[in-house]
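Asker:
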């Protein structure tokens, strides 16, 4: 399993992760090594074995449809990097 | 008065607090003094909450004077810095959350506050709990109090050191692939990862949602039971929390091991395991055999060698999804000097995350991406089923399985940091337990040249009582857990 620099850049784009050329080269080497060692999984026969998403058999957990109080706006906005009055200020999505 | 307040266990301190021979303020001051004395050497704490602690201690003394008998009232602890504490910054040891002040308390913090506890600090960790040595903290490196040139383990390294070095009486950590047990083993404290779903994760910063679990790090099994009593239980705010009844975990603490069946899975005594570790663990199991337990030394869990790959596909995949929320808009680090939304987001994540976190986001994004999902992620989930089935089968025959917590004693700072695969291998004994979702405890089981060795006891789902009982029995017969580092 070899991940090229180009593939690393594609994954970085999917993950919205900026990276330098040095990082891309390092990741290409490290991820290739890691994935190569994980190829042993292909040795395991998993025919007709169902996947496990998590280990307790809970399904469709829903809460009652009850109104509860939310945190005050001022507290939620206290950590905002950029705000304007009672809003989060964001960059334009559509240019 | 007392030899040293900060070497008291919870149950010892509680007795003195209840009989008014000691006040919570005195105990808290002793811990804070100890923190200021040893912190320049061990660097276990991201934030020291001395003012909050003294306020809580005063309140606890009032509660005690009014006849409060909760065993945790007035007793100081440290909390891993990935659990939200209202008004106290919660960094996850990341640049991304360096200045994040949560507007609410995590469920465990809420429950502990309800017991009148005293929080003396927030503990250092590997960034976003990704790591096995606490060297991945973006803030600073934590040192092992048994040998300052060595790592304390991770990712709950600061929590384990806080207890081992006497900065607090106990700690709370989180465990996704060994992050409570491995540092507990490396620092010679008792650390429990409860069954998946036993403790609410509401307010725990998410890493890998199908694996994360919160648990205690303490000085002995009795303390572990007392803390679990306080934090276990169903919570509607965590949809994976399980509505199982919560017993009184102290009721199971006895030394009767007659009729008790222990299995020793041979795959956990891996190639490259340090001889002293193998010898110490086998001696500890023999001790339990002498105390009445029946031991099968030749149990086989043949899918164990695949657990590492399963874990390092599933955990990074879940992490890549969970960490997508860090976009620099609502909270956390935000890169400002960008021309577009996408550039701002990419640079926020580039500068806000450290190398290991980025590596795992990349690995997970790859395993989930179109064309690779079936070969990696789905395959790992299927092998996960086989690993879980193997544990289920073993627990039809055995009450507990016993293994080393780690294949080696604590390694040197810097030794593995440049080789991610070597670092991942240090969790080889603890990862399968999270994959299966079963509970396990690490307890001190000896030393090699003055460095701690941990023993891992594994049980079936919701058998925390069984694990605590074995740990308690072993600790009644041995003194390893009473040794303290000379610092």
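Chains as they are written, first to last, in our numbering: chain A, 1 to 95; chain B, 1 to 487.
Glycine residues also receive a C-beta, built at the ideal position from the N, C-alpha and C atoms.
Verify the CB distance criterion: does residue 24 of chain A have a CB-CB separation below 8 Å to chain B?
Answerer: Chain B, which has no Cβ nearer than 8 Å to the Cβ of residue 24 of chain A, makes this no.
Asker: Residue 64 of chain A: buried (16+ other C-beta within 10 angstroms of its C-beta) or exposed?
Answerer: Counting Cβ neighbours within 10 Å, residue 64 of chain A comes out exposed, since fewer than 16 surround it.
Asker: Taking residue 239 of chain B as the reference, give the member of B:259, B:200, B:272 and B:276 with the closest Cα.
Answerer: Of B:259, B:200, B:272 and B:276, the residue nearest in Cα terms is B:200.
Asker: Whole alpha helix (DSSP H) runs in the region 101 to 140 of chain B with 4 or more residues, listed along the chain?
Answerer: Those alpha helix (DSSP H) runs which fall completely within the region 101 to 140 of chain B and span 4+ residues are 107 to 114.
Asker: For residue 112 of chain B versus residue 10 of chain B, is the C-beta spacing smaller than 8 Å?
Answerer: Cβ atoms of residue 112 of chain B and residue 10 of chain B: not closer than 8 Å.
Asker: Closer than 7 Å by beta-carbon distance: list the chain B residues that pair up with residue 33 of chain A, in chain order.
Answerer: Here the neighbours are 421.
Asker: Across which residues does DSSP place residue 373 of chain B in a beta bridge pair?
Answerer: Paired residues: none, contrary to the question.
Asker: Between the region 46 to 61 of chain B and the region 179 to 191 of chain B, are three or more C-beta pairs nearer than 8 Å?
Answerer: Result no; under three Cβ-Cβ pairs closer than 8 Å.
Asker: What does a CB cutoff of less than 7 Å around residue 66 of chain B pick up in its chain, not counting 5 residues either side in sequence?
Answerer: Once the five neighbours on either side are set aside, residue 66 of chain B has no close Cβ partner at all.
Asker: Is the Cβ-Cβ distance between residue 436 of chain B and residue 388 of chain B less than 8 Å?
Answerer: Taking 8 Å as the Cβ cut-off, residue 436 of chain B and residue 388 of chain B qualify as a contacting pair.
Asker: Where does residue 12 of chain B fall in DSSP's three states?
Answerer: In this structure, residue 12 of chain B counts as helix in the three-state DSSP scheme.
Asker: Please report the distance separating the alpha-carbon of residue 7 of chain B from that of residue 186 of chain B.
Answerer: Near 18 Å, if we compare the C-alpha coordinates of residue 186 of chain B and residue 7 of chain B.
Asker: Out of B:34, B:81, B:82 and B:97, state which residue places its alpha-carbon closest to the alpha-carbon of residue 348 of chain B.
Answerer: Per the Cα distances, B:97.
Asker: Taking a contact to mean a Cβ-Cβ separation below 8 Å, would you say residue 2 of chain A touches residue 32 of chain A in this structure?
Answerer: It is a contact, given that the beta carbons lie within the stated cut-off.
Asker: Listing by chain order, which chain A residues have their CB less than 7 Å from the CB of residue 346 of chain B?
Answerer: Result: 16, 17 and 18.
Asker: Quick one, which residues of the region 44 to 60 of chain A are near chain B if we go by CB-CB under 7 Å, in chain order?
Answerer: The residues in question are 44, 46, 49, 50, 51, 52, 53, 54, 55, 56 and 58.
Asker: For the pair the region 393 to 413 of chain B and the region 422 to 430 of chain B, tell me if three or more CB-CB distances fall below 8 Å.
Answerer: Contact between the region 393 to 413 of chain B and the region 422 to 430 of chain B is present, because at least three Cβ pairs lie under 8 Å.
Asker: Alpha carbons only, please: which of B:360, B:224, B:116 and B:209 is nearest the one belonging to residue 316 of chain B?
Answerer: Residue 316 of chain B has its Cα closest to that of B:360, out of B:360, B:224, B:116 and B:209.
Asker: Of all the CB atoms in chain B, is at least one closer than 8 Å to the CB of residue 37 of chain A?
Answerer: Residue 37 of chain A counts as touching chain B.
Asker: Just to check my reading of the structure: residue 169 of chain B and residue 102 of chain B have Cβ atoms closer than 8 Å, yes? What is that Cβ distance to the nearest angstrom?
Answerer: Rounded, the Cβ-Cβ distance is 24 Å, inconsistent with contact.
Asker: Beta-carbon within less than 8 Å of residue 372 of chain B's beta-carbon, same chain only, minus the 5 sequence neighbours each way: which residues are those?
Answerer: Same-chain partners within the cutoff: 366.
Asker: Three-state secondary structure (DSSP) at residue 74 of chain A?
Answerer: Looking at residue 74 of chain A - three-state DSSP - the assignment turns out to be helix.
Asker: Check distances from the C-beta atoms of the region 377 to 407 of chain B to those of chain A and list, in chain order, the residues that come in under 7 Å.
Answerer: Per Cβ criterion, the list reads 378, 379, 380, 381, 382, 383, 384, 385, 386 and 388.
Asker: Indicate whether at least one CB of chain A lies closer than 8 Å to the CB of residue 341 of chain B.
Answerer: Chain A, which has a Cβ nearer than 8 Å to the Cβ of residue 341 of chain B, makes this yes.
Asker: Going along chain A in order, which residues have a C-beta closer than 7 Å to the C-beta of residue 236 of chain B?
Answerer: Those within 7 Å of residue 236 of chain B in chain A are 63.
Asker: Report back the beta-carbon spacing between residue 28 of chain A and residue 350 of chain B to the nearest angstrom; my notes put them in contact at under 8 Å.
Answerer: At roughly 17 Å, the Cβ-Cβ gap does not stay under 8 Å, so residue 28 of chain A and residue 350 of chain B are not in contact.
Asker: Does the region 436 to 450 of chain B touch the region 273 to 292 of chain B, meaning 3 or more C-beta pairs lie closer than 8 Å?
Answerer: Judged by Cβ distances under 8 Å, the region 273 to 292 of chain B makes contact with the region 436 to 450 of chain B, as three or more pairs qualify.
Asker: Where does residue 341 of chain B fall in DSSP's three states?
Answerer: Reduced to three states, the DSSP call for residue 341 of chain B is helix.
Asker: Using CA atoms only, rank isn't needed, just tell me which of A:95, A:7, A:80 and A:90 is closest to residue 99 of chain B.
Answerer: Of A:95, A:7, A:80 and A:90, the residue nearest in Cα terms is A:80.
Asker: If you follow the beta strand (DSSP E) that residue 456 of chain B is in, where does it begin and where does it stop?
Answerer: It spans 451 to 458 - the beta strand (DSSP E) in which residue 456 of chain B sits, taken as one unbroken run.
Asker: Which of the residues in the region 347 to 363 of chain B, read from start to end, lie with their CB under 9 Å from any CB of chain A?
Answerer: Those would be 347, 348, 349, 350, 351, 353, 355, 358, 359, 361, 362 and 363, in chain order.
Asker: With a threshold of 8 Å between beta carbons, is residue 92 of chain A in contact with chain B?
Answerer: Yes, its Cβ sits closer than 8 Å to a Cβ of chain B.
Asker: So, helix, strand or coil for residue 299 of chain B, using DSSP?
Answerer: Looking at residue 299 of chain B - three-state DSSP - the assignment turns out to be strand.
Asker: Assign residue 336 of chain B to one of three DSSP states: helix, strand, or coil.
Answerer: Of the three classes helix, strand and coil, the one that applies to residue 336 of chain B here is coil, per DSSP.
Asker: Where are the alpha helix (DSSP H) runs, 4 residues long or more, that stay fully inside the region 299 to 324 of chain B, in chain order?
Answerer: Fully enclosed alpha helix (DSSP H) runs of 4 or longer: 307 to 322.
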